[in-house]
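Q:
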Amino acid sequence: INLVQTCAELMQAERGSLLVFDEKNDHLNVKAAIGSRAEIIKAETNEIGERVAKSVLQSGTPLIISNIEASNLSPAPSEWQYKTKSFISYPVIVGGRKIGVLNIADKVGGVYDKFDLQL
Numbered sequence: 009i010n011l012v013q014t015c016a017e018l019m020q021a022e023r024g025s026l027l028v029f030d031e032k033n034d035h036l037n038v039k040a041a042i043g044s045r046a047e048i049i050k051a052e053t054n055e056i057g058e059r060v061a062k063s064v065l066q067s068g069t070p071l072i073i074s075n076i077e078a079s080n081l082s083p084a085p086s087e088w089q090y091k092t093k094s095f096i097s098y099p100v101i102v103g104g105r106k107i108g109v110l111n112i113a114d115k116v117g118g119v120y121d122k123f124d125l126q127l
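Every letter in the sequence shown is one number past the one before it in the numbering used here, and letter 19, counting from 1, is 27.
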C-alpha cells in the first residue's frame, strides 16, 4: 500500500491500485488499492484489469487517458464511482519481466497529461 499511496500523492491522485500478474492463472490480482471505493476494487475477482490493465501489461506500454469517453475503451463499472474520466495505467516491469500494473485515477483538479506520465 505504501507504494500506491506514494505514487498517488506524487500524481495528485485520489485513487490508485497495484495489480500483480498471476502467470499460472493468467489473471491480475489486486495487491493494493487506495481511495474511494478501494474495498470494492480489492474484492473484485473476475473482471479486474480485463478492460485496460491486461492490455497495458501485455504491451509493456503505459497508457494515459484524458477522457475515457473520447477513447475506444469502455468505462469502469458505475459502482466504482470515479470522479474524473482521466487515468494512467502503467506497466510494472522488473528485469524485463512484466509483473503488474500501477493504476492512478481521479486527479485533483484536472486530467492527466504527458508530464504526469513522465513523473
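Glycine is no exception: its CB is placed at the ideal position from the N, C-alpha and C atoms. Since the model is a prediction, treat every value here as computed from it, not as a measurement.
Counting Cβ pairs closer than 8 Å, one from the stretch 58-74 and one from the stretch 102-117, do we hit at least three?
A: yes
Q: Apart from the five residues on each side of it in sequence, which residues of its chain come closer than 7 Å, Cβ to Cβ, to S25?
A: Your numbering for residue 25 matches position 17 in the sequence shown. Excluding sequence neighbours, S25 sits near V12, V38, A40, A41, I49 and N111.
Q: What number of angstroms, rounded off, separates the C-alpha of F95 from the C-alpha of N33?
A: Translated into positions along the sequence shown, residue 95 becomes position 87. Translated into positions along the sequence shown, residue 33 becomes position 25. Taking the straight line from one Cα to the other gives about 27 Å.
Q: Nearest by alpha-carbon distance to E77: which of Y90, S67, L65 and T69 is it?
A: Sequence index remark: in the sequence shown, residue 77 carries index 69 (1-based). Measuring from the Cα of E77, the nearest candidate turns out to be Y90.
Q: According to DSSP, simplified to helix, strand and coil, what is E47?
A: The sequence position of residue 47 within the sequence shown is 39, counting from 1. Reduced to three states, the DSSP call for E47 is helix.
Q: Alpha carbon to alpha carbon, what distance is there between A21 and P99?
A: Position 91 of the sequence shown, counting from 1, holds the residue named residue 99. Position 13 of the sequence shown, counting from 1, holds the residue named residue 21. Going from the Cα of P99 to the Cα of A21 covers about 17 Å.
Q: Please go through the same chain and pick out, in chain order, the residues whose beta-carbon is closer than 6 Å to the beta-carbon of V119, but skip the five residues on each side of it.
A: The count along the sequence shown starts at 1 and reaches residue 119 at position 111. Correct list, in chain order: S74 and S94.
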